[in-house]
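For reference, the structure is listed below as structure tokens.
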Amino acid sequence: MARLNMVEALNMALREEMERNNRIVILGEDVGKEGGVFRVTDGLQQKFGADRVIDTPLAESGIVGVALGMALNGLRPVAEIQFEGFLYPCLDQISNHLGRMRNRSRGRFTCPVVIRFPYGGGIHAPEHHSDSPEAILAHIPGIKVVIPSTPYEAKGLLLSCLRDPDPVLFMEPKRIYRAIREEVPEGDDAIPLGKAKVVQEGKDVTVIAYGAMVREVVSASEKLKGEASLEIIDLRTISPMDVDAMVASIRKTGRGVVVHEAPKTCGLGAEIIALINEKALFSLQAPIERVTGFDIPVPLMKSEHYYLPNPERIVSAVKKVMSA
Amino acid sequence: MSLMDEYNPLQGKMFRVLNPDGTLQPGTSPPVDDQETLRLFQKMLLVRLADQRCLSLQRQGRFGTYAPIWGQEACQIGSVFVLKRGDWVIPAFREIGATLMMGVPLKTYLLYWMGNEMGSRAPDGINVLPVSIPVGTHMLHAVGTAWASRYKGDKEIALTFFGDGATSKGDFHEAMNFAGVFKTPTIFFCQNNQFAISVPRSLQTASATIAQKAIAYGFDGIQVDGNDLFAVIVATREAAEKARAGQGPTLIEGVTFRFGPHTTADDPTKYRTEKDIEPWKPLDPLVRLRLYLKGKNLWSEKIEERMTEEAQKEIDEAVKEAEAVPVPAVEDIFRYVFAEMTPPLKEQLGYLKATLK
Chain A
926 MARLNMVEAL
936 NMALREEMER
946 NNRIVILGED
956 VGKEGGVFRV
966 TDGLQQKFGA
976 DRVIDTPLAE
986 SGIVGVALGM
996 ALNGLRPVAE
1006 IQFEGFLYPC
1016 LDQISNHLGR
1026 MRNRSRGRFT
1036 CPVVIRFPYG
1046 GGIHAPEHHS
1056 DSPEAILAHI
1066 PGIKVVIPST
1076 PYEAKGLLLS
1086 CLRDPDPVLF
1096 MEPKRIYRAI
1106 REEVPEGDDA
1116 IPLGKAKVVQ
1126 EGKDVTVIAY
1136 GAMVREVVSA
1146 SEKLKGEASL
1156 EIIDLRTISP
1166 MDVDAMVASI
1176 RKTGRGVVVH
1186 EAPKTCGLGA
1196 EIIALINEKA
1206 LFSLQAPIER
1216 VTGFDIPVPL
1226 MKSEHYYLPN
1236 PERIVSAVKK
1246 VMSA
Chain B
-7 MSLMDEYNPL
3 QGKMFRVLNP
13 DGTLQPGTSP
23 PVDDQETLRL
33 FQKMLLVRLA
43 DQRCLSLQRQ
53 GRFGTYAPIW
63 GQEACQIGSV
73 FVLKRGDWVI
83 PAFREIGATL
93 MMGVPLKTYL
103 LYWMGNEMGS
113 RAPDGINVLP
123 VSIPVGTHML
133 HAVGTAWASR
143 YKGDKEIALT
153 FFGDGATSKG
163 DFHEAMNFAG
173 VFKTPTIFFC
183 QNNQFAISVP
193 RSLQTASATI
203 AQKAIAYGFD
213 GIQVDGNDLF
223 AVIVATREAA
233 EKARAGQGPT
243 LIEGVTFRFG
253 PHTTADDPTK
263 YRTEKDIEPW
273 KPLDPLVRLR
283 LYLKGKNLWS
293 EKIEERMTEE
303 AQKEIDEAVK
313 EAEAVPVPAV
323 EDIFRYVFAE
333 MTPPLKEQLG
343 YLKATLK
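So this is what it looks like as structure tokens:
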């Protein structure tokens, strides 16, 4: 079995599914000849032709709006937005149209569009290349939001997105695009949406994370060996969240930490804590801690390390909830 | 010379077939026969009367906020007339004429403005999207649907309606640009009705015409007298034939006038006077077609009375049926968000139902 990084695993998912389904088309900036600025679509235009892997004009709202129209008329477009910082012009299309079309037309018109885009910090990128806008997206009705944490997960989750009857925003943690290699099987190995994964079982503290932060949590867990046993939950789907998995774990451990790199205020952490309070407050032995980015623009590379959650901050949050 | 060449918008000529006095421009002929003209007149009359009814239903509190078509009937009836079954219409929010012309029942259209989402569900086989209230954003969907047709090897084309205000939006540019680059079978139909709520056309763009914007995107644009049913038919027919033949998109600017308010929430006396409206009255699309038909002995007061009576009966029936539709079940506001209801939605619906007991 091939050991792939996340970029290669995503490429494999797209290639395999495009072979199975000729209604899938890819469109975006530099996705064709160039194979995407991160090479996720590398070689696909050569294989499937310029009709199916389309280099578009530089216009993000246009890419999503056109993809939506294609989906209405029977295609399964995969739109790539080059960086999350350029997703904002698409919010009009996503919020006003994509997430509403099925509901507005009472099921007559549907938009099975997948919008893929890299997100998050940690690669010393220019401004507008390090945001984590998942909470903004999770707040929009009618769309799903999916974030993989490893190459294997990336392939399996993307396959499910490509088969989902509704629009999915697929956020790719660019920091770990090439940082992890693992075995990724060829063929159909879809991972269902809406289901979290227990990455590691533990008994002391539940740590909930997703995307690039899962690796940070695993690293924190190693640092805590002998001191604390962490149960690590990878959410995988941000919207809708797997509430049952989180609650079951909290009932077991009684303590929790949520980790995300997005700003703290109104971040996913706030929602996760509210959900746990609603369903498992009396299982808690300490207030749940949040380890997050801050309510500031992501700093440039010299200061970025101040911003991003790291194993040290996670360790200290775990110690805090354990000492309560 | 093709129509699009002859009326290259950079030369500032507006295409017209039917004069305001009901005569034809020299060297032109009507694009449809007498019986068809009469039927289209009847359709325009029905739309105008239905529109008036919508306004009065709103005044009586039986309708939500409504955007009337009054004055723009020829743009919509004429352009949709040339479409075929399976073609796509992507409307803005003032398209009662286009929607009915596509075969959506009046009852369905009324339901939407009465506040029931079932009113946005076109019957199967009729490809009319729900209205688009965010201005200009829907034009991209007309590029995508048309593109998908071509990808699948189908002959269907897409026609989208928008106003002069929409041409200021970024999505107008992106839609026109994509359509031009990829030569999608899309017709962009701008109903230039002179006002975007209160802001006049002159404040939307410094371009002499809206039609000429097409030139910059690399495809044909034409300015037509949008109150001239015949001109609209001829221009849209040519655009549709071009699109089906793989020759790409067309921008049609129908020069028209909104006689009514922007919506029922608008007071047009704030931004225009009777003096501004006066010159448009003789250009009314129905007045003009009536004169034409009269000149051919196809119209009489008696004929129109009969048509009016029939139309009012049809409208009465549709209103009655729409008002008889019960308030939707609470499940319906959750059921259609996703193909399958997600666990959070199931939980929220359960909660809501419990509070309603």
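Protein chains in written order, with the numbering used here: chain A, 926 to 1249; chain B, -7 to 349.
Idealized CB from N, CA, C, for every residue including glycine.
Which listed residue (Asn1021/A, Arg964/A, Leu993/A, Gly1010/A) has its alpha carbon closest to that of Phe138/B: Just to set this straight, residue 138/B is Ala in the shown sequence, not Phe. Among Asn1021/A, Arg964/A, Leu993/A, Gly1010/A, the Cα nearest to that of Ala138/B is on Leu993/A.
Close-in-space but distant-in-sequence residues of the same chain around Ala1153/A (CB under 7 Å, 5 per side omitted): Asp1129, Val1130, Val1243, Met1247
Own chain partners of Phe164/B with C-beta closer than 8 Å, once the 5 adjacent residues on each side are dropped: Gly128, Met131, Phe154, Ala158
Under 7 Å from the C-beta of Arg945/A: neighbouring residues of chain B: None at all; the shortest Cβ gap to chain B is about 17 Å.
Own chain, CB closer than 6 Å to Lys175/B, minus 5 neighbours either side, in chain order: Gly240
Residues that DSSP places opposite Asn184/B in a beta bridge: Val247/B
Contact with chain A by Val173/B, beta-carbon distance below 8 Å: yes
Whole-number beta carbon distance between Val135/B and Ile118/B, since they are thought to touch under 8 Å: Actually they do not touch by this definition, with Cβ atoms about 20 Å apart.
Own chain, CB closer than 6 Å to Gly172/B, minus 5 neighbours either side, in chain order: Tyr209, Gly210, Phe211
Ala206/B to Met168/B span [Cα, whole Å]: 8 Å
Contact residues within the stretch 329 to 344 of chain B, judged by C-beta distance below 7 Å to chain D: Absence of chain D from the displayed structure is noted, the protein chains being A and B.
Glu28/B vs Leu278/B beta-carbon contact at 8 Å: no
Contacting positions in the stretch 1026 to 1037 of chain A - beta carbon closer than 8 Å to chain B: Met1026, Arg1027, Asn1028, Arg1029, Ser1030, Arg1031, Gly1032, Arg1033, Phe1034, Thr1035
Sequence-distant residues of the same chain with beta carbon closer than 8 Å to Arg1103/A, five excluded per side: Asn930, Met931, Val932
Enclosing beta strand (DSSP E) for Ser1164/A [first to last residue]: 1162 to 1164
Run of the alpha helix (DSSP H) containing Met1171/A, from where it starts to where it stops: 1168 to 1178
Cβ-Cβ distance between Val1069/A and Thr1162/A below 8 Å: Sequence inspection shows Lys at residue 1069/A; the Val mentioned does not correspond to that position. Their beta carbons are under 8 Å apart, which means Lys1069/A touches Thr1162/A by this criterion.
Three-state secondary structure (DSSP) of Glu1107/A: strand
The stretch 320 to 331 of chain B touching the stretch 1027 to 1040 of chain A, judged by at least three CB pairs closer than 8 Å: yes
The beta strand (DSSP E) enclosing Met1096/A, as first and last residue numbers: 1093 to 1098
Proximity winner among Asp324/B, Gly89/B, Gln204/B, Asp276/B, relative to Leu2/B (alpha-carbon distances): Gln204/B
Assigned secondary structure, Trp62/B (DSSP; H/G/I helix, E/B strand, else coil): coil
The stretch 1046 to 1064 of chain A in contact with the stretch 1181 to 1201 of chain A per 3-pair CB rule at 8 Å: yes
Boundaries of the alpha helix (DSSP H) in which Tyr1044/A is found, first to last residue: Unbroken run through Tyr1044/A is the beta strand (DSSP E), 1039 to 1044; no alpha helix (DSSP H).
Ordered list of beta strand (DSSP E) runs contained in the stretch 153 to 241 of chain B, each at least 3 residues: 178 to 184, 212 to 217
Cα-Cα separation between Asn1021/A and Ile1006/A, rounded to whole angstroms: 18 Å
Secondary structure of Asn1028/A, DSSP reduced to three states: helix
is_contact[Leu1062/A, chain B] using C-beta, thresh 8 Å: no
Range of the contiguous alpha helix (DSSP H) that encloses Pro335/B: 335 to 348
Contacting residues, own chain, Cβ-Cβ under 8 Å from Arg142/B (five flanking each side not counted): Thr176, Pro177, Gly238
Selected residue, minimal CA-CA separation from Lys345/B, among Ser124/B, Pro335/B, Lys99/B, Val322/B: Val322/B
contact_flag[the stretch 247 to 267 of chain B, the stretch 177 to 188 of chain B] where n(CB pairs < 8 Å) is 3 or more: yes
3-residue-minimum beta strand (DSSP E) runs that sit fully inside the stretch 958 to 998 of chain A, ordered along the chain: 978 to 980
Runs of alpha helix (DSSP H) lying entirely within the stretch 28 to 74 of chain B, each at least 4 residues, in chain order: 65 to 73
N-terminal and C-terminal residue of the alpha helix (DSSP H) that Phe1156/A is part of: Note that residue 1156/A is Glu in the sequence shown, not Phe. Here Glu1156/A belongs to no alpha helix (DSSP H); instead the beta strand (DSSP E) covers 1155 to 1159.
Other residues of its chain near Ala1137/A: CB distance less than 6 Å, five sequence neighbours each side excluded: Gly1045, Pro1098, Arg1100, Ile1101
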